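Q: This structure is in structure tokens; I'll ask about it shortly.
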Ligand code: HOZ
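In our numbering, the protein residues as written are 427 to 854.
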């Protein structure tokens, strides 16, 4: 007897590569059939078979207030009556830019795009155009979308599927991407010294979320900031996951760190396909039509995406208590998981920052890609499936962070903790 998800996956594979439109969804690394979703409300996902799951991916970040959040849904419905796209400027785009600038430190100008990939891709083009240099430095296990330059030693799906080299990326592009281990400031200094006046940008996730959740070591981000200042390198913070999630002003606010350019993604659209990059006027004014660094898009500033994002960001700006509530819930979950994992007696590490958290089955601290990859990810697969069958939807990879949403109740968290206990004893 096949489930509806199994039937849909079988059918999907006839017309969609691998049956999915983004690789991590295929469950390839954890095995089994991806669950096909039908709807979601608040903290719960409902699949095609009618099963309910407590959701810990929140559409990979954006559903901070829970799914189908009523003010956002209503705003989209009303806006759609006035057309879904113009390809011409609207007042709403100005309101959105003004709102972002009012919430985020260090942003004088902001350009809307349609995804985090576009935002990161455009930010490094801008950094190259601004500095006249070609190389960028990124960190192993970080994922900045799927633009060519970023697919060198990347996290997320590439780590999940152990893709070391991506066919289609030219040697020239790969040579212009330098990499260092996250949290290794000495390695960064060495690379920068070896490539004096060649590096246009250092780009980093402030809190890594594409190899599980990994925190910046004390002084690491500050050290990068200093190196960039000394060497004339553009410091880019990829806040696709952390922006508007860790605080209204993102990681910049929460960690008191200043970027030259900052990139945003899905969160900024309340779940609609949106991204943005922004920063200092001195750099941003090189973007066309002010400058010659070209970047464009018919759907940039799309009215439906803008109203969804504007409505959600307004809620976040007006209710800063949400961040304390979310963090308190995440700490409650961490403490509960810690208790059951400790009693279980096998090695584990919980990394948590704000409303991002993940478990690595490891006996040593997980601080970078090498330590994340050395964890017992076979055990993670078993844990994932044991949780899934108990109605808890975790990221289908140990190389992804979990994201909490504020619709989660303490009863949901208790259920997650008790089901973790059952799952652990079932898996090992
Ligand atoms: N890149 C996303 C997580 N880091 C996964 C996107 C998806 O598969 O939907």
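For each residue, glycine too, the CB sits at the ideal point set by N, CA and C. Keep in mind the model is a prediction, meaning the values are calculated, not measured.
Mind listing which residues have their beta carbon within less than 7 Å of any non-hydrogen atom of the ligand HOZ? Chain order is fine.
A: Qualifying residues, in the order they occur: 448, 449, 450, 451, 486, 569, 582, 583, 635, 636, 826.
Q: Going straight from the alpha carbon of residue 489 to that of residue 742, what length do you get?
A: Residue 489 and residue 742: Cα-Cα distance of roughly 12 Å.
Q: Roughly how many angstroms separate the alpha carbons of residue 799 and residue 450, rounded to a whole number?
A: Taking the straight line joining both Cα atoms gives about 16 Å.
Q: Which residues does DSSP list as the beta-bridge partners of residue 844?
A: The partner list for residue 844 (beta bridge, DSSP) is empty, contrary to what the question assumes.
Q: Using three-state DSSP, classify residue 793 as helix, strand or coil.
A: Residue 793: coil per DSSP, three-state reduction.
Q: Cβ of residue 631 within 8 Å of Cβ of residue 795?
A: For residue 631 and residue 795, no; Cβs fall outside 8 Å.
Q: How is residue 538 classed by DSSP in three states: helix, strand or coil?
A: In this structure, residue 538 counts as strand in the three-state DSSP scheme.
Q: When the Cα atoms are used, what is the spatial distance from residue 546 to residue 480?
A: Approximately 31 Å, taken between the alpha carbons.
Q: Taking buried to mean at least 16 other C-beta atoms within 10 Å of its own C-beta, is residue 759 buried or exposed?
A: Buried, since its Cβ has 16 or more Cβ neighbours within 10 Å.
Q: Do residue 752 and residue 805 have their C-beta atoms within less than 8 Å of each other?
A: Not in contact: residue 752 and residue 805 (Cβ atoms no closer than 8 Å).
Q: To which residues does DSSP link residue 606 through a beta bridge?
A: Looking at the DSSP assignment, residue 606 forms a beta bridge with 565.
Q: Residue 547 by DSSP, collapsed to three states: which one?
A: It is helical.
Q: Tell me the start and end of each unbroken alpha helix (DSSP H) in the stretch 700-724 that is at least 4 residues and wholly inside, in chain order.
A: Whole alpha helix (DSSP H) segments, 4+ residues: 707-710.
Q: Report buried or exposed for residue 509, applying the criterion of at least 16 other Cβ atoms within 10 angstroms of its Cβ.
A: When all chains shown are included, residue 509 counts as exposed.
Q: Please state whether DSSP places residue 450 in a helix, a strand or coil.
A: If DSSP states are grouped into helix, strand and coil, residue 450 belongs with the helices.
Q: Do you know offhand how far residue 624's Cα is from residue 719's?
A: Cα to Cα, residue 624 sits roughly 19 Å from residue 719.
Q: Can you give me the start and stop residues for the alpha helix (DSSP H) that residue 467 sits inside?
A: Note, residue 467: premise wrong, no alpha helix (DSSP H); beta strand (DSSP E) at 463-467.
Q: Just to confirm my understanding: we take residue 506, look at its own chain, exclude 5 residues before and 5 after, and list those with CB closer than 8 Å. What are they?
A: Excluding residues within five positions, the ones whose Cβ falls inside 8 Å are 730.
Q: Taking 8 Å as the threshold, find out whether the stretch 651-668 comes into contact with the stretch 676-688 through three or more Cβ pairs.
A: Touching, yes.
Q: Going by DSSP, what residue range makes up the alpha helix (DSSP H) through residue 498?
A: Note, residue 498: alpha helix (DSSP H), 496-506.
Q: Using 10 angstroms around the beta-carbon of residue 836, count the other beta-carbons present and answer buried if the total reaches 16, otherwise exposed.
A: So residue 836 ends up on the exposed side.
Q: Kindly indicate the opening and closing residues of the alpha helix (DSSP H) around residue 688.
A: Here residue 688 belongs to no alpha helix (DSSP H); instead the beta strand (DSSP E) covers 687-690.
Q: Closer than 8 Å, CB to CB, is residue 641 near chain B or not?
A: In the structure shown, chain B does not exist; there is a single protein chain.
Q: Roughly how many angstroms separate the alpha carbons of residue 448 and residue 542, rounded to a whole number?
A: Cα to Cα, residue 448 sits roughly 14 Å from residue 542.
Q: According to DSSP, simplified to helix, strand and coil, what is residue 838?
A: Correct three-state label for residue 838: helix.
Q: Within 10 angstroms of the Cβ of residue 443, are there 16 or more other Cβ atoms? Answer buried if so, exposed if not.
A: Its Cβ having fewer than 16 others within 10 Å, residue 443 is exposed.
Q: Using a 10 Å radius around the Cβ and a threshold of 16 neighbouring Cβ atoms, would you call residue 855 buried or exposed?
A: Nothing can be reported for residue 855, as the shown portion of the chain is limited to 427 through 854.
Q: Contact between the stretch 687-701 and the stretch 484-499 is defined here as three or more beta-carbon pairs at a separation below 8 Å; is this criterion met?
A: Output reads yes: the stretch 484-499 touches the stretch 687-701.
Q: Assuming residue 679 is part of the alpha helix (DSSP H), what are its boundary residues?
A: Per DSSP, residue 679 belongs to the alpha helix (DSSP H) from 676-681.
Q: To the nearest angstrom, how far is it from the Cα of residue 432 to the Cα of residue 823?
A: Cα to Cα, the separation comes out at about 20 Å.
Q: Per DSSP, residue 478 is paired with what?
A: In the DSSP output, where bridge partners are listed per residue, residue 478 has 472.
Q: In whole angstroms, what separates the C-alpha of residue 620 from that of residue 633?
A: Rounded to the nearest angstrom, the two C-alpha atoms are 26 Å apart.
Q: Tell me which residue opens and which closes the alpha helix (DSSP H) that residue 585 is part of.
A: That run of the alpha helix (DSSP H) goes 583-586.
Q: What residue range does the alpha helix (DSSP H) around residue 591 cover?
A: From DSSP, residue 591 is part of no alpha helix (DSSP H); its letter is neither H nor E.
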